[in-house]
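The next block holds one structure in the form of structure tokens; read it before the comments.
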Amino acid sequence: MPATTGMKGAGYYDRHSTAQLSSIQALQDWVEGAVADLPLPAPAQPVTVLDLGSSEGRNAIHLMGAIVAELRRRTDQPLQTIYSDLASNNFNQLFANLEEARRAGRFAAGVYLGAVGGSFYGPLLPPGTVHLATCFNAIHWLDRLPAVPVPDFVGYRRPHSPRPGLAVSPEAAAAFTRQAEQDLVRFLECRARELVPGAKLLLASPGDTDEARVFDGPLDVLNDACLDLVAAGRLEREGYERLTLPCYFRTVAELLAPLEREDFPVRSAFAVDRVEALEVPTPFLVEFRRGGDVAAYAGAYTGSLRAVSEPVVRAALNQPKGEVGTVECLYERIRARLLAEPERYSCRYILVAALLTRR
Ligand SMILES: C[S@@+](CC[C@H](N)C(=O)[O-])C[C@H]1O[C@@H](n2cnc3c(N)ncnc32)[C@H](O)[C@@H]1O
Numbered sequence: 001m002p003a004t005t006g007m008k009g010a011g012y013y014d015r016h017s018t019a020q021l022s023s024i025q026a027l028q029d030w031v032e033g034a035v036a037d038l039p040l041p042a043p044a045q046p047v048t049v050l051d052l053g054s055s056e057g058r059n060a061i062h063l064m065g066a067i068v069a070e071l072r073r074r075t076d077q078p079l080q081t082i083y084s085d086l087a088s089n090n091f092n093q094l095f096a097n098l099e100e101a102r103r104a105g106r107f108a109a110g111v112y113l114g115a116v117g118g119s120f121y122g123p124l125l126p127p128g129t130v131h132l133a134t135c136f137n138a139i140h141w142l143d144r145l146p147a148v149p150v151p152d153f154v155g156y157r158r159p160h161s162p163r164p165g166l167a168v169s170p171e172a173a174a175a176f177t178r179q180a181e182q183d184l185v186r187f188l189e190c191r192a193r194e195l196v197p198g199a200k201l202l203l204a205s206p207g208d209t210d211e212a213r214v215f216d217g218p219l220d221v222l223n224d225a226c227l228d229l230v231a232a233g234r235l236e237r238e239g240y241e242r243l244t245l246p247c248y249f250r251t252v253a254e255l256l257a258p259l260e261r262e263d264f265p266v267r268s269a270f271a272v273d274r275v276e277a278l279e280v281p282t283p284f285l286v287e288f289r290r291g292g293d294v295a296a297y298a299g300a301y302t303g304s305l306r307a308v309s310e311p312v313v314r315a316a317l318n319q320p321k322g323e324v325g326t327v328e329c330l331y332e333r334i335r336a337r338l339l340a341e342p343e344r345y346s347c348r349y350i351l352v353a354a355l356l357t358r359r
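The letter at position 192 of the sequence shown is residue 192 when you use the working numbering, and the numbering goes up by one with no holes.
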């Protein structure tokens with residue numbers, strides 16, 4: 001059972017994911033490089049592209065559109081484009097978006113669309129059938145939440161430069177690091193089976209560096225707003241203590257570790273073409289710095305955080321009474337905090353990215 005059901009649905013993620021779109025756009029030249037080098041099958045055979053963690057699809061379709069445009073520079077053979085996500089994802093919206101894009105002529109002739117529901121920590125397509133796989137803003141979601149409580153915060157954070165009052169137990173650090181490592185190895189094992197020799201795997205997700213942690217701002221404001229609700233009697237302390245986002249933000253070294261260490265089964269499966277940690281602009285922060293509209297900033301920031309966190313928050317705070325009111329109240333509290341102290345929760349989007357070749 002995956003630790004998340006996906007993003008907030010009904011088109012909400014699509015409407016509140018400009019930061020993720022900005023991260024995809026920032027890696028346009030990586031996409032071009034991947035397509036330029038991938039091995040093409042025999043001319044009558046389709047080139048298969050698999051996107052992992054496509055959510056409702058607006059951003060994934062943008063990414064796939066860029067890949068298709070690059071592929072069409074190289075070949076006019078059929079292109080099979082496959083979108084995948086957890087079975088609980090809002091696939092209705094994904095299919096609606098695909099149909100809209102098709103009708104608008106956004107896909108070249110000979111592009112075939114498909115979708116797979118299933119976890120990327122398991123096999124998704126037959127062995128040796130994929131020429132390019134992409135995974136944006138998704139592999140930081142763990143397969144399962146480690147069974148070590150993190151009662152004093154809403155998620156696990158790497159224990160460097162801790163905020164005063166926030167301690168990370170060595171047990172939590174070890175358990176989260178181990179889970180993230182196991183998940184990544186499993187992910188890479190599955191992709192190693194699916195990709196043909198020479199195929200490309202482009203991975204990009206929010207991550208940490210030795211100097212900076214990604215998403216301190218959003219995690220802090222979510223945590224502080226929960227504590228406000230506890231103090232006001234709107235949320236039971238146990239609900240807050242239960243809430244732990246099942247995420248792990250890897251460093252470049254952690255992303256590459258399975259490919260480099262003797263004891264990992266995927267050690268020789270991939271060559272590293274390119275790897276980097278880069279900071280990408282968060283549109284609502286850029287806009288706020290330019291125009292100073294704090295209400296727009298607080299609204300967009302809250303929407304962005306809500307789009308990714310609400311399903312997990314709702315499950316953790318699932319109280320017998322007043323659940324809907326509590327969740328609404330929580331995100332309203334987040335917005336109020338951002339309005340009152342916009343700089344305190346300033347958000348950094350650090351993307352840890354790697355382009356790999358299947359050996
Ligand atoms: C933040 S969205 C990213 C969507 C899109 N790739 C983008 O960059 O905008 C993360 C997606 O990863 C999916 N996800 C999380 N864990 C997954 C898993 N184990 N298998 C497949 N998808 C998963 C979530 O359901 C969600 O749709």
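Cβ coordinates follow ideal geometry from the N, Cα and C atoms, glycine included. As the structure is a prediction and not an experimental result, all values here were calculated from the model.
- PHE249 CB to nearest heavy atom of ligand 1 below 8 angstroms: In this structure, PHE249 has its CB at a distance of at least 8 angstroms from all heavy atoms of ligand 1.
- Item | Sub-9 angstroms separation of ILE67 and LEU98 beta-carbons | no
- Message: With three or more beta-carbon pairs closer than 8 angstroms as the criterion, would you say the stretch 135–144 touches the stretch 196–206?
- Response: yes
- Through-space distance from LEU229 to TYR13, alpha-carbon basis: 25 angstroms
- Three-state class that DSSP yields for GLN80 in the structure shown: Strand.
- Message: Just to confirm my understanding: we take THR302, look at its own chain, exclude 5 residues before and 5 after, and list those with CB closer than 8 angstroms. What are they?
- Response: TYR331, ILE334, ARG335 and LEU338
- Query: Cα separation between ALA42 and ARG348?
  - Reply: If I take the Cα positions, the gap works out to 44 angstroms.
- Query: Just how far apart, CA to CA, sit CYS247 and VAL294?
  - Reply: 28 angstroms
- Does ligand 1 have a heavy atom nearer than 8 angstroms to the CB of CYS135? yes
- Give the DSSP-derived three-state secondary structure of HIS131 in the structure shown. HIS131: strand per DSSP, three-state reduction.
- Cβ separation of LEU355 and GLY33, assumed to be a contact under 8 angstroms, to the nearest whole Å: 7 angstroms
- Taking 8 angstroms as the line, does the beta carbon of ILE350 fall inside it for any heavy atom of ligand 1? It does not: the Cβ of ILE350 is nowhere closer than 8 angstroms to a heavy atom of ligand 1.
- Message: With the cut-off set at 9 angstroms, would you say LEU86 and ARG58 are in Cβ contact?
- Response: no
- Message: Using the three-state DSSP reduction, which class does ILE350 fall into: helix, strand or coil?
- Response: strand
- Using a threshold of 8 angstroms, is the CB atom of ALA60 nearer than that to any non-hydrogen atom of ligand 1? yes
- Query: If ALA219 sits next to ARG306, beta carbons under 8 angstroms apart, how far is it from one beta carbon to the other, in whole angstroms?
  - Reply: Strictly speaking, residue 219 in this sequence is Leu, with Ala absent from that position. Between ARG306 and LEU219 the Cβ distance is about 14 angstroms, and since that is not below 8 angstroms, they are no contact.
- Message: Just checking SER309 against ligand 1 - is the residue's beta carbon closer than 8 angstroms to any of the ligand's heavy atoms?
- Response: no
- Let me know the secondary structure DSSP gives VAL35 once reduced to three states. helix
- alpha helix (DSSP H) runs contained entirely in the stretch 152–229, provided each spans 4 or more residues: 170–194
- Message: If distances are taken between C-alpha atoms only, which option among ASN318, GLY325, VAL286 and THR282 comes closest to SER304?
- Response: Comparing Cα-Cα distances from SER304 to each of ASN318, GLY325, VAL286 and THR282, the minimum goes to THR282.
- Query: Looking at C-alpha atoms only, which residue of LEU63, GLU56, ASP51 and PRO78 is the closest neighbour of GLN45?
  - Reply: PRO78
- Task: Count the other C-beta atoms from every protein chain shown that fall within 10 angstroms of the C-beta of ASN92, then say buried if there are 16 or more, exposed otherwise.
- Result: exposed
- Assign TYR121 to buried or exposed, taking buried as 16 or more other Cβ atoms, counted over all protein chains shown, within 10 Å of its Cβ. buried
- Task: Look up ASP14 in the DSSP assignment and say whether it is helix, strand or coil.
- Result: helix
- Item | Beta-carbon spacing of GLY325, ARG234 below 9 angstroms | yes
- Could you check the C-alpha separation between GLU189 and VAL266 for me, to the nearest Å? 6 angstroms
- In the stretch 225–305, which residue ranges form an unbroken beta strand (DSSP E) of at least 3 residues, counting only runs that do not cross its ends? The stretch 225–305 contains these whole beta strand (DSSP E) runs: 270–280.
- For GLY322, name the three-state secondary structure that DSSP assigns. Its pLDDT being 49, under 50, GLY322 is placed unreliably in this model, and the coordinates cannot settle the point.
- Item | Given LEU132 as reference, the closest of ALA298, ALA19, PHE187 and VAL196 once Cα atoms are compared | VAL196
- Query: Among VAL313, PHE176 and ALA101, which one has its Cα closest to the Cα of GLU241?
  - Reply: VAL313
- Measuring alpha carbon to alpha carbon, tell me which of ARG261, ARG290, PRO311 and GLY292 ends up nearest LEU245. PRO311
- By Cβ distance below 6 angstroms, which residues in the same chain neighbour VAL221 in space, the five residues on each side in sequence not counted? ILE334, ARG337 and TYR345
- Just reading off the alpha helix (DSSP H) that LEU145 is part of, what are its end residues? Per DSSP, LEU145 is not a residue of any alpha helix (DSSP H), being assigned neither H nor E.
- Query: Relative to ligand 1, is the shortest distance from any of its heavy atoms to the C-beta of MET64 smaller than 8 angstroms?
  - Reply: no
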